[in-house]
Structures are given as structure tokens and as C-alpha cells.
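Line by line, the protein sequences give chains H and P. Residue numbering for the first sequence follows our numbering, starting at 19 and increasing by one per position. Residue numbering for the second sequence follows our numbering, starting at 32 and increasing by one per position.
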Amino acid sequence: MTAGRALSETSLQLYFDHLWGKGTTQLVELTRFTRGVSRETWGVEIKNLDGSNRPTSLILRRPLESHGYIPRTLRFEYEIAYRLAKTNIPVAHPIRYEDDPDWAFDGREFFLREQIAGSWNVLNAVDPDPKYDAHRIALSKEMIEKLAMVHMLDWKALDFPAILEVPASLEDSGRRAVRETYRDLAQFQYEPMPVLAEVEEWLLDNAPPAPKIVLLKGTNGLGEEVFSNNRIVALSDWEQCSLGDPAQDFARTQDLLPEIVRNGKTIWSMQHALDYYRELTGITVTVTAVDYYRLIGCLDGLIAFNSALRAVVDGTEPNIRRAYYSVELSHNFNRRLLDAVYGRANQGQAFGTPDVKEGSAIVAADA
Amino acid sequence: MLRPTPEEVLKSISWTFDNEIRTKPADPLAVSYSLTVSNMIRHVLLCMQREEGLIVIDTAELRAVLAQAQGFLAGKGNDEMAAKRIEDALAVKPASDAPSQRARENWRALRWAVEDAIKVLRGIRDRFAKDSDYLAVRKAIRDYLDRSLNRESELIREAFTIARR
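Structural data, given as C-alpha cells:
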């Protein structure tokens, strides 16, 4: 048993002996990935001594010692992966969720999944040089194709309603997203956030009806997936998975939906992306709806930064980046939300198109 | 202006130097952290120079807008409990010894009160959708939030207009 022990090669080897039988597996290497902002992630290399074909490159995920950015449980993440493993969606398959206190390292639950070879980064994916235009458009299409696969899943058959709130109707879809975000905040709010209190009403009133209720991946794009040879080999980071309007996933795509203009002609844009998506799925998503969900992205960002700041306030991990997010980015997101309700309304605009890329890209760089 | 406090930022800088920069200063991640530290030091400096004055102005505006909300809720709004909560928040005398700490604590309590007032006012909007006093309170709160964010930007804009992480 490992209760009370720190995670180490020795203690993990004991666990594998317990899980698969003594002498079946040899732990070769255990390495912590240093950039995780919502989970502690370890790479595990093993050798099978019993001729088994179990994966030899594994990932061990467990909660941070301090507070994560996304206020969702590790179990939630596992339940998503467990269901997706039954589909043709490229994801890392989970192997085991360990919540037996006798086998928890440092008293923390963990889960094991296979590790998919590849990189979160793609060369020249954001390079504005015209020679990379075709490359960037191809990457954009790759992301859209994968989102389309996710959106076409039969989420009812996969039992997602057991773990995700189902919008009551197409009209309720946006309101569900708003409700869920404020519910997350209510779990831990420790500072007054009057701008969020003010904009909630407007966000509920102005939520666009969804064309279809689909399974949403959540944050996606560069920094969130595993790429190999310019293709996505695993969709990763499902902590913000939900059921709702496909527009929300387009609002959360990082870097892979660029606007490219050459000689006065727009050769790729959000509208091009949405047109391509309609060809694949038959679903019409509007830019207006994507703009609305960018505001929800600001809301999500504020709540994530506030969640992250708890580790600065209580001293469990006073990392400067956590403090930074709650200063500049939180200010910008508050400004954009209030502008949508207040400032822009005065200028006769229904709502604006805040650019959440800055914040999400920084979070991705740390991920 | 609320969180992180300058003290929390300084503790974060110290922790980040010890854990993320000092041991591997040439690592790209450490360089990136260094830029964030530089930004945040400038932010703390601006807070030291200006924050107290900004909190004083903001607090005065908060008190005015809360008094307006309290007046509406005690009268037309007919919500004595909500009005009393605002009254109590306006009457609180913070206990801290340090004047700057006291000002921050007071400001924080009033921000909670305005958040509460917003929620109460939202809850009765169907009854007062066309009432000019109700609309005036709602607008006063939004005006306050807008000006408050503008004040906050004074502590941010200059601090973050250098090389970025």
C-alpha cells in the first residue's frame, strides 16, 4: 500500500505490482511535466515483462497540490475520457482511475492513461508569412474536421447526460453555458465581482438559440491538442467539455482560425471556417453566435483566473503567473464584458467581439 | 485594485524567483517568468504610488451609488431587508489598525454590497422595467463600474507596455 507516500518510481512500481501483478511490469522512468496549470501531469515509461501489449508510455494525472485554474474535478476529466474512448474520436484512452485511499500518493487520487506521441505545437502554425498560408488553412481545416467529429457524436448514447447538464431546448443552450459558468464561480468565490453580477442578466437575455445541441470539446486548438505531421492525433484537455451550441467551440479555438487577407482579398476567416464546417456537418453556425460565446469565454477566463489566484492568496503556490492573470487579463476581460452590456450598447452595437485569444494563448503556453 | 494585493504580488515574485527562475535562469520558461516579474514589479510600483488615492475616490463613488440603491429599495422597491443590508454595509467601521489596510477593507466590503444590490435589483426588474428611478439606479451602478474599471486601468496600462512574456 502507498497511502501517505510521495509519488516516486519506487512507490509507483509497488502500485503497478498491485495493479497488474508482481513481475509483470518494470517502471523505467517517471518525469513530471512542469507546465501544468490545472493538473499535475507525469510521464511514465514502463516495460512489459509478461509479454502483455499494454501501452508502455503512460500519463499519470492528479490534482495540483494547490488550486487548479479550471474548477472541475479530476474524476470529471476521467469520465469524459472514458466515454470518448468508446468512439472514433482520437483521444488518449484511460487505463485506470485510482480513488482507493490505500493507493493514493500524497493522499491524492490519480488516473492513468496512455500517452500519445506528438507535440502540442506545430511549426509555423501562427507565422503570418504568405508562404505559410496554405499550411495554416490546412491546419484550420484539420481542427474543424476534428470538432465536426466531436459535434456529430451521439452524446445521449454515450451517457454524457449522466455527467453534463443538458440544455432544456435549443433556446436554452446559451443560457446553460451562462448558468454553468456562474455555478463554477459560486463554488469558490472569495472576492466581490460586481461586473460579473451586472453582466449575467444581459448574457442570459441575449443568448442566441443553438442550431443543434452537440457535445462540445471546450478549449481547443494550438496548445490543447497533440499533433503529429500536421495532423491531430489526440484531442486533449477536455476539462471544459459540455453540451451546447457548436458556436462555443469556435469561440474557444486558439490560433487555428486565423483571418488571412492577401491583396485586399480575404482568403480565410471565421466565416470561411464556418462555411467549411457546414459542408461537413450540415450545421449552420453564425459569426454573431461565435461573438456571443467569446463573451462567455471572457467570463470563463475571469473565473479560471480567480480560481488560480486562490493559490496566491493562501500561499500554496504563489506563482507570479497566477497573480498576473488576475491583474491585466482579468481587467481586460471585465472591460470587454462591461463594454458589451454598457459601452457598446451606447454605441448602438448589439454586442462586441472581444478577443479572448490573448488570455487563452497565455494559458495554453503554460499548459 | 482588490486582489492580488501588493503584498501578495511581492510574495509571488519571491516564490517565483526561488522556484522558477534562480535554478535555471536561461531556460525559456524562466526568461518568460522574468518578463512577467518585471511587469508585475511595475504594477506594484504604480499601486504604491496611486492605489490609495484611487481607492479613496472609488469608495466615495461606491457610497453614493449604494445610498441611491438603498433609497430605492427602502421606498419604491419595497425590500426592507436588502435596504438594511446596504445600510449596514455603509455603517461598517473597518477594524484594521493600518490606514491603508482599513481603506482597502472598507472598499472591499462596499464592493460586496454593490454586488448584492445588483442581484437584488435584477430580481425585481420585471416590476420596474419602465420606472425611471429604477432605471436611474441601474444606470448609476453601471456608470460606477465603468469609471471604476477606468481607474483600475491606471494601475495596469503603463505597467504592461514593455517587452512581453
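Each residue gets a CB set at the ideal place from its N, CA and C atoms; glycine is no exception.
If you draw a 10 Å sphere on the C-beta of Pro56/P, you find fewer than 16 other C-beta atoms in it, and that means exposed. The residue among Arg80/H, Leu102/H and Val144/H with its C-alpha nearest the C-alpha of Asp117/H is Arg80/H. If you draw a 10 Å sphere on the C-beta of Tyr360/H, you find 16 or more other C-beta atoms in it, and that means buried. Residue-level contact by beta carbon fails for Leu240/H and chain P, as no gap is shorter than 8 Å. Taking the C-beta atoms as reference points, Phe129/H is found nearer than 8 Å to Leu92/H. Asn70/P reaches chain H at Tyr342 and Glu346, counting residues in chain order whose Cβ is nearer than 8 Å. In this structure the segment 93-100 of chain H does not touch the segment 137-153 of chain H; the number of beta carbon pairs closer than 8 Å is below three. Across the segment 74-95 of chain P, CB contacts with chain H closer than 7 Å involve His74, in sequence order along the chain. By the CB criterion at 8 Å, Phe191/P and Asn109/P fall outside the cutoff.
Using a Cβ distance threshold of 8 Å, Ile77/H and Gln133/H count as a contacting pair.
Residue pairing by DSSP places Phe191/P opposite no residue, since no beta bridge is assigned to it. With contacts defined as CB atoms closer than 8 Å, Ala269/H and Ser158/H fail to qualify as a contacting pair. Val87/P counts as exposed, since fewer than 16 other beta carbons sit within 10 angstroms of its beta carbon. Straight-line spacing of the CA atoms in Tyr343/H and Pro210/H works out to 17 Å. The bridge partners DSSP lists for Thr284/H are Val279/H.
The continuous alpha helix (DSSP H) containing Ala61/P extends over residues Pro59 to Leu77.
Secondary structure of Leu141/H (DSSP, three-state): coil. In the three-state DSSP reduction, Leu176/H falls in the coil class, being neither helix nor strand. Out of Trp60/H, Pro229/H, Ala326/H and Arg354/H, the CA that lies nearest to the CA of Leu317/H is found in Arg354/H. The C-beta of Gln80/P has fewer than 16 other C-beta atoms within 10 Å across all chains shown, which makes the residue exposed. By the Cβ test, the segment 302-321 of chain H is not in contact with the segment 163-179 of chain H, since fewer than three Cβ pairs between them sit closer than 8 Å.
If you draw a straight line from the Cα of Gln258/H to the Cα of Lys107/P, it is about 43 Å long.
Neighbourhood of Leu327/H in chain P, by CB distance below 9 Å: Arg34, Pro35 and Glu39, in chain order.
For Thr90/P, no beta strand (DSSP E) segment is defined; the enclosing uninterrupted segment is the alpha helix (DSSP H) at Glu83 to Ala105.
Residues of the segment 350-361 of chain H whose Cβ lies closer than 8 Å to any Cβ of chain P, in chain order: Asn352, Arg353, Leu356, Val359, Tyr360 and Gly361.
Across the structure, Ala215/H and Thr74/H are spaced so that their CA atoms are roughly 49 Å apart. Distance check between Ala99/H and each of Ser70/H, Pro227/H, Leu233/H and Asp190/H places Leu233/H closest, using alpha-carbon atoms only. In this structure Thr90/P is not in contact with Ala144/P, their Cβ atoms being roughly 12 Å apart against a cut-off of 8 Å.
Residues of chain H whose Cβ lies closer than 8 Å to the Cβ of Lys42/P are, in chain order, Val330, Gly333 and Pro336. Around the CB of Met112/P, fewer than 16 other CB atoms lie within 10 Å, so the residue is classed as exposed. Fewer than three Cβ pairs drawn from the segment 181-196 of chain H and the segment 241-251 of chain H lie within less than 8 Å of each other, which leaves the two stretches out of contact. Take Glu51/P, set aside five residues on each side of it, and the residues of its chain with a beta-carbon closer than 8 Å to its own are Leu60, Ala61 and Tyr64, in chain order. In the structure shown, Ser163/P falls within a helical segment according to DSSP collapsed to helix, strand and coil.
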